[in-house]
Each structure stands twice: as structure tokens, then as C-alpha cells.
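Enquirer: This is the structure, below, for whatever I ask next.
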Amino acid sequence: MEVNEVFDKVKSLFEDELGIDSEKITMDAKLEEDLEIDSLGIVEVVMAFEDEFEIEIDDEELTDVGTVGQAVNLLHSKL
Amino acid sequence: MTKQRVVVTGLGTINPLGNNVIDTWNNLTSGISGIDHITLFDASDLPVTFAGEVKNFDANDYMGKQNARKLDRSGHLSIFAAEEAIQDAGFDLSKPLGEDFGIVFGTGIGGIGATEDAVRVYDERGSTRISPLAITQLMPNSSTGQVAIKYGIKGPSLTITTACAASANAIGEAKRMIEQNIVDKVLVGGTESGTTSMTIGAFAQIKALSKQNDEPQKACKPFDKNRDGFVMAEGSTVLILESESSAKDRDAKVYGYISGYGSSTDAYHITAPSEGGIGALRAMEQAISNADISKENIDYINAHGTSTPANDLNETLAIKSLMNDYAYEVNISSTKSMTGHLLGGGGAFEAMASLLSMKNNQIPPTINLNDSDKDCDLNYTANQSVDKNIDHVMSNSFGFGGHNAVLIFSKE
Chain A
108 MEVNEVFDKV KSLFEDELGI DSEKITMDAK LEEDLEIDSL GIVEVVMAFE
158 DEFEIEIDDE ELTDVGTVGQ AVNLLHSKL
Chain B
35 MTKQRVVVTG LGTINPLGNN VIDTWNNLTS GISGIDHITL FDASDLPVTF
85 AGEVKNFDAN DYMGKQNARK LDRSGHLSIF AAEEAIQDAG FDLSKPLGED
135 FGIVFGTGIG GIGATEDAVR VYDERGSTRI SPLAITQLMP NSSTGQVAIK
185 YGIKGPSLTI TTACAASANA IGEAKRMIEQ NIVDKVLVGG TESGTTSMTI
235 GAFAQIKALS KQNDEPQKAC KPFDKNRDGF VMAEGSTVLI LESESSAKDR
285 DAKVYGYISG YGSSTDAYHI TAPSEGGIGA LRAMEQAISN ADISKENIDY
335 INAHGTSTPA NDLNETLAIK SLMNDYAYEV NISSTKSMTG HLLGGGGAFE
385 AMASLLSMKN NQIPPTINLN DSDKDCDLNY TANQSVDKNI DHVMSNSFGF
435 GGHNAVLIFS KE
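Written out as C-alpha cells, the structure reads:
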């Protein structure tokens, strides 16, 4: 799967599951500041990624994930 | 320091009769039932298929999907009712209410719907798929915390869970906070949204619910000979309580005084009222004493009046023991005949009904009261509202566990 395809899936997941406005969802958007995903929301996001992409994500892998782009790159590397 | 008198300066509500105070009051005094067939889920397999549901409310439209999905339905209803009450009291919604404001909420079963959802996910998919929002939605203090966050309430907070007496106790405890000068304003709420398949099934198991599925609007008939149980309902009602001096300083509109509070425990049975309603009677006596009035000063009793055989009989006996001959004169009514039983939200709703009754000098009726029960022979204001000058109202709330909370509201 190409990076832009992963982004499209992440974008629709954020929009449909979490109710986030689609125009806010860019590769540079910060999860916490721009998309208002708090610590509980991050757990939801990870669960949604795991279900959507049929992968497992460890907590340590999230340490450097602060933007949509970083999340997309992590997912891309695991597919 | 002198003891502060406590007034109510704001009201807000969302309930089976209306999504604001005015619609609710108009429907209450017109004798309209808010009870109907269940629409929130498929109830066809349950022994009871009707309830008092909130209508025409979409939390996604109200607060946006991203916010709405973080809260249980009880949280949605609490935030909605609080907004109307805060505005009604004349506070600016765009500014935090701050450290001078306390918050007390009453609920019976909190976010029970979120509990049920989480258990289903756990059973089907295991612990790692449980929503991280489950705990913050299901905890009984969820509404207290979410309303405080939304409106910036930073004073003392309490959540009271004395079943169906919860929000009457909440009002009473908030009254004490203000009287003791702990804080001069308290947002008090009562919320329940427990109309789920499991809770209706469980209440039906203990024979507490009416099973008159064919005619939902006629099922709740407090004090009637053919009453066969209560009707589950959902909703939230919020009151702004304030010291009299604070209200005067702000030149605030005043609905009335909360002049008396009594609270007692049956220590008898976990669901049945004590014989002759003697536990409830003690709470009524305390409330009247606390209000420093005599029994004959009470013009209207907003009864607990659940429509169960045991409650309505024992509440009647308690009122007779309390008032003797005057028990046959005083107007009594059960607004639950129209709303259904709001459980932990009932005390706050009925406080609102009592205050509006006093302000408008009009008593809402007990609807569906057509066949008199020889043991329930008081003046229950059957089927038609009554216009009458009202200076003092007593409101009764009793809960499983044997909890009794009684409030007195006064015009002056």
C-alpha cells in the first residue's frame, strides 16, 4: 500500500469514527493540538488502526508519533 | 456569620415532556403524557416495551460528533439542561463560572448504557477492544465532571447516588453548602438515562414496572386502583441555587426559596417502603421543621407517586400521619403520571415543577386517575390542573435502599 493510500484510509477513519472535520486532517496536523485527540483519544486511534489495518501497535512505537504524517509513516512501515 | 437563605435563580431541563422549561410546564399543566413506545433500541423481546424518552434530541447536532461520542447519553442531557439553567440565571456562557460555584449532581445508575456496551465488547472481542472512553462514560460522577469542565465550575463538587431520591438529596446538600457559607452559588442537577434493554429487563424482573404495553400514555396511574408499577423515563433537570444576598446583589430573577430539607433512612427493606411510610414521614417532619412553617401552610405536595402499589399506599399513609384532617384538603399530585419515573433525575425535575407551580399559582394534575383506590383517598388533583395561590410546596422523593429526601419550597 502506498503512503497516500494509507493517508486516505487514516483520514476517512478520523472523519467517520472520531467525527473530526475533514479539512483539519492533513499530513502536518498535530494529533493533540490541531485535531484535539487527547490521551484517551490516542488509545481509540490505535485500536481503530489495529482493526483497520489488521496489525498490532506497541506503546513504544507511539513515542515519536505526534502528527498525522508520523502516524501514516508508522502504519506504512508495518504493512 | 448569619445563615444564608437559599433561592433558585435558574432552571433548565430536557425530559419526556419537553426540551426546555416552558414547553415542559405547558405540557405538565395540560395533563399531557410524555410516555410512549421505546424508540432508542429494539425492545420487542422485553416484557415492557414503553418508557418516557427524550424526543427530538441529537447529541451530534448539539455538540458535534467529536465531542458527543466522548460522553454517555446522560452526559449529553446534563450538558444540555445545564446550558438552559445557566443562561436562565443570567450568567454568561462564554465565561467560566469559576471558584465561587459548586456543583452537585444526583443520579441513580449513572452511565449504565456505557457499562452494558463495554461488557458486550468484552464478551465478544476481549479486554483489548474495550473503549478507552468506557470508564469516563459509565462512572456515576461523569455528568458532574463533564458539566464542570464545560462551564468552568471550580468550587466544591459532589455526586449523590441515593437511587430515586438522589437529586432531591443533591438539592438539599447544596442548600446546606450555601447556608454554611461554603460557597454562594451551586449548580445542582439530576440526570438519568437508564432506559436500556438490561435495566428495563432487570426492573421488570422485580415486578417494579407497569406492563400495560398497549396504552403507554395511560400506563402510569399513580394512586389509581389499577396501578401496576412505574414507567422508566430519562432526562436531566438543572437548578441554579444561590444565596439570597448573592441573588440580590446581581438583581437576579428568583423562582422561590428552598426553605426546608429533610432526609432519613428506612433501615427496613432494600426496595419496599417501611410500613405506613414511617421513614418517609420522618423526612417530611424534618423538612417542615427546617422550613420553620406549620403543616397547614403547605398548599401543594408534589408526591413521589410512582404508580407502584406499595409506594402510593405508604406515601398516602405517611401524609395522613403527618397532616391528620388537613391531609384530606391539601392538593397532592404526581407529575410522574406524565413524565414517568426519572429515577435519580426525579427530585430535580419535581423541584422545578414545584417552583413553577408556586410561581404560576397552578398545580399540575395526576393524570390517568380514574378508578379510586379506597386506601388512597386523598386529594390527588385528578386529571385537571388547579389554579390556587401557593405559598409553600413540599416535594417527596424516595429511593431503593430506603432513602427518603423531602424538600420544601417557599414563595417568601
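If you read the sequences in order, they're chains A and B. Here the numbering used here = 1-based position in the first sequence + 107. Here the numbering used here = 1-based position in the second sequence + 34. Even for Gly, the Cβ is constructed at its ideal location relative to N, Cα and C. This structure is a prediction, so every number in the text was calculated from the model and none was measured.
#1: Would you mind giving the Cβ-Cβ distance between Leu138/A and Val175/A, rounded to the nearest angstrom? I have them listed as a contact below 8 Å.
#2: Since Arg163/B meets chain A, which of its residues come closer than 7 Å, beta carbon to beta carbon?
#3: Report the option in Asn402/B, Pro130/B, Ala267/B whose CA atom is closest to the CA atom of Lys452/B.
#4: Starting from Gly206/B, follow the alpha helix (DSSP H) in both directions and report where the run begins and ends.
#5: Using a Cβ-Cβ cutoff of 9 Å, what residues of the region 86-114 of chain B are near chain A? List them in chain order.
#6: Determine the chain A residues that contact Leu167/B at a beta-carbon separation under 8 Å, and present them in chain order.
#7: What are the uninterrupted segments assigned as alpha helix (DSSP H) that are 4 or more residues long and contained completely in the region 289-343 of chain B, given in chain order?
#8: According to the neighbour-count rule (16 or more other Cβ atoms, all chains shown, within 10 Å of its Cβ), is His338/B buried or exposed?
#9: Beta carbon of Ala361/B, beta carbon of Met318/B: below 9 Å?
#10: Does chain B have any CB closer than 9 Å to the CB of Glu143/A?
#11: How many angstroms separate the CA atom of Glu213/B from the CA atom of Ser308/B?
#12: Mind checking if Thr178/B is an interface residue toward chain A, Cβ cutoff 9 Å exclusive?
#13: State yes or no: is the beta carbon of Thr149/B nearer than 9 Å to at least one beta carbon in chain A?
#14: Report the residue from Val440/B, Thr400/B, Ser431/B whose alpha carbon sits nearest the alpha carbon of Ser64/B.
#15: For Thr170/B and chain A, any beta-carbon pair shorter than 9 Å?
#16: What are the boundary residues of the alpha helix (DSSP H) that Phe114/A is part of?
#17: Once DSSP output is grouped into helix, strand and coil, what is the label at Ile32/B?
#18: Return no unless some Cβ of chain B is closer than 9 Å to the Cβ of Leu169/A.
#19: Distance check for Lys116/A and Ala314/B, CA to CA, integer angstroms please.
#20: Just the chain B side, please: which residues come within less than 8 Å of Ile127/A by C-beta, in chain order?
#21: Hey, is the region 324-341 of chain B in contact with the region 361-374 of chain B, meaning 3+ C-beta pairs nearer than 8 Å?
#22: For a minimum of 4 consecutive residues, which ranges assigned as the alpha helix (DSSP H) are wholly contained in the region 68-143 of chain B?
#23: Looking at the structure shown, is Ile397/B part of a helix, part of a strand, or coil, going by DSSP?
#24: Sort Phe434/B, Ala102/B, Glu278/B, Val153/B by Cα distance to Ala301/B and report the nearest one.
#25: Can you tell which of Lys393/B, Pro256/B, Ala267/B, Val272/B has its C-alpha closest to the C-alpha of Asn413/B?
#26: Closest to Asp79/B by CA distance: which of Leu111/B, Tyr295/B, Ala238/B, Asp57/B is it?
#27: For Thr36/B, does the count of other Cβ atoms within 10 angstroms reach 16, so buried, or fall short, so exposed?
#28: Measuring alpha carbon to alpha carbon, tell me which of Cys254/B, Glu87/B, Thr229/B ends up nearest Ile146/B.
Expert: Considering the structure as presented:
#1: Here residue 138/A refers to the residue found at position 31 of the first sequence. Here residue 175/A refers to the residue found at position 68 of the first sequence. Yes, Leu138/A and Val175/A are in contact; Cβ-Cβ is about 7 Å, under 8 Å.
#2: Walking along the second sequence from the start, residue 163/B turns up at place 129. In chain order: Met154.
#3: Past the edges of chain B, shown from 35 to 446, lies residue 452/B, and the structure says nothing about it.
#4: Taking the first residue of the second sequence as 1, we reach residue 206/B at position 172. Counting along the chain, the alpha helix (DSSP H) containing Gly206/B begins and ends at 200-213.
#5: Asn94, Gly98, Lys99, Gln100, Asn101, Ala102, Arg103, Lys104
#6: On the second sequence, residue 167/B is found 133 positions in, with the first residue counted as 1. Under the 8 Å cutoff, chain A gives Leu147, Glu151.
#7: 312-325
#8: Working through the second sequence from its first residue, we reach residue 338/B at position 304. Label assigned to His338/B: buried.
#9: Sequence index remark: in the second sequence, residue 361/B carries index 327 (1-based). Sequence index remark: in the second sequence, residue 318/B carries index 284 (1-based). For Ala361/B and Met318/B, no; Cβs fall outside 9 Å.
#10: Position 36 of the first sequence, counted from the start, is the residue given in the question as residue 143/A. Chain B, which has a Cβ nearer than 9 Å to the Cβ of Glu143/A, makes this yes.
#11: Residue mapping note: residue 213/B aligns to position 179 of the second sequence, counting from 1. Residue mapping note: residue 308/B aligns to position 274 of the second sequence, counting from 1. C-alpha separation (whole angstroms): 31 Å.
#12: Here residue 178/B is taken as the residue at index 144 of the second sequence, counted from 1. It does not: the Cβ of Thr178/B has no partner Cβ on chain A nearer than 9 Å.
#13: Taking the second sequence and counting its residues from 1, one reaches residue 149/B at position 115. With 9 Å as the cut-off, Thr149/B does not count as an interface residue toward chain A.
#14: Within the second sequence, numbered from 1, the residue matching residue 64/B stands at position 30. Ranking the options by Cα distance to Ser64/B, first place goes to Thr400/B.
#15: Taking the second sequence and counting its residues from 1, the one referred to as residue 170/B is at position 136. It does: the Cβ of Thr170/B has a partner Cβ on chain A nearer than 9 Å.
#16: The residue you call residue 114/A lines up with position 7 of the first sequence. Where Phe114/A is concerned, the enclosing alpha helix (DSSP H) stretches over 110-125.
#17: The requested residue 32/B does not occur in the structure, where chain B is confined to residues 35 to 446.
#18: If you number the first sequence from 1, residue 169/A lands on position 62. Cβ-Cβ to chain B under 9 Å: no for Leu169/A.
#19: The count along the second sequence starts at 1 and reaches residue 314/B at position 280. The count along the first sequence starts at 1 and reaches residue 116/A at position 9. Distance between the alpha carbons of Ala314/B and Lys116/A: 60 Å.
#20: Translated into positions along the first sequence, residue 127/A becomes position 20. Result: Gln100.
#21: yes
#22: 93-97, 99-102, 107-122
#23: Against the second sequence, residue 397/B aligns to sequence position 363. Ile397/B: strand per DSSP, three-state reduction.
#24: Counting from one through the second sequence, the residue named residue 301/B turns up at place 267. Comparing Cα-Cα distances from Ala301/B to each of Phe434/B, Ala102/B, Glu278/B, Val153/B, the minimum goes to Phe434/B.
#25: As a working note, residue 413/B is residue 379 in the second sequence. It is Pro256/B whose Cα lies nearest to the Cα of Asn413/B.
#26: As a working mapping, residue 79/B is identified with position 45 in the second sequence. Taking only the C-alpha atoms, the option nearest Asp79/B is Ala238/B.
#27: By 1-based counting over the second sequence, the position of residue 36/B is 2. Thr36/B comes out exposed.
#28: On the second sequence, position 112 is the one that residue 146/B refers to. If we check each option's Cα against that of Ile146/B, Thr229/B comes out closest.
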